[in-house]
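Numbering (our numbering), first residue to last: 0 to 155.
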């Protein structure tokens with residue numbers, strides 16, 4: 000299984016890159032976990048939020064691997080527990096599915112991309128900085144993977 004994280008934004012603080020990298024390398028051979036940064040559209044100078052979202056939409060769509068299930072993070076998405084994420088991961092792995100997870104830009108994601116998504120997930124009801132979202136998502140994916148493998152990382 001391959002998980003691709005498409006994250007609008009770049010130039011994260013070193014601690015974000017280090018923490019994300021730490022979780023990303025914990026996956027076994029069953030899962031390849033890759034981060035692809037999507038260039039954010041500059042705002043201002045006549046570039047409205049709508050134009051910025053549209054430009055980012057094109058970059059995101061171009062980066063989605065073929066035949067990949069699309070999961071987007073959105074504040075109105077499903078609020079899953081770690082156990083529910085683990086169950087979904089089990090299904091994805093059993094089905095041989097690759098997964099692409101999208102973290103949108105500062106102004107969010109296009110309505111078209113939300114409609115296209117196989118799943119909309121909420122990481123938190125609170126607004127979080129993009130770097131923190133990367134780290135929290137990587138940790139939760141690793142936690143879901145560890146649950147599947149009866150690893151003591153997760154405790155019920």
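We put the CB at the ideal spot given by N, CA and C, even for glycine.
This one's a predicted model, so the numbers in the text were calculated from it and none came from an experiment.
- The alpha helix (DSSP H) runs lying completely inside the stretch 52-108 and spanning 4 residues or more are 81-93, given in chain order.
- Residue state for residue 131 is assigned as helix, using DSSP reduced to three classes.
- Rounded to whole angstroms, residue 26 and residue 144 show a C-alpha spacing of 7 Å.
- Bounds of the beta strand (DSSP E) holding residue 7 are 1-7.
- Take the alpha-carbon of residue 108 and the one of residue 148: they are about 33 Å apart.
- Contact annotation: the stretch 20-37 does not touch the stretch 73-86, with fewer than three C-beta pairs closer than 8 Å.
- Its Cα nearest to that of residue 123, the residue 136 stands out among 6, 117 and 136.
- In this model, residue 105 and residue 146 are separated by some 32 Å (Cα to Cα).
- Assignment of residue 26 by DSSP, reduced to helix, strand and coil, places it in the coil class.
- In this structure residue 141 is buried. Its beta-carbon is surrounded by 16 or more other beta-carbon atoms within 10 angstroms.
- In this structure residue 55 is buried. Its beta-carbon is surrounded by 16 or more other beta-carbon atoms within 10 angstroms.
- The beta carbon of residue 31 is closer than 6 Å to those of 1 in its chain, skipping five residues each way along the sequence.
- Taking a contact as a CB-CB distance under 8 Å, the pair residue 5 and residue 37 counts as one, their CB atoms being some 6 Å apart.
- Taking all protein chains in view, the Cβ of residue 46 is surrounded by fewer than 16 other Cβ atoms within 10 Å, so the residue is classified as exposed.
- Secondary-structure assignment with DSSP links residue 38 through no beta bridge to anything.
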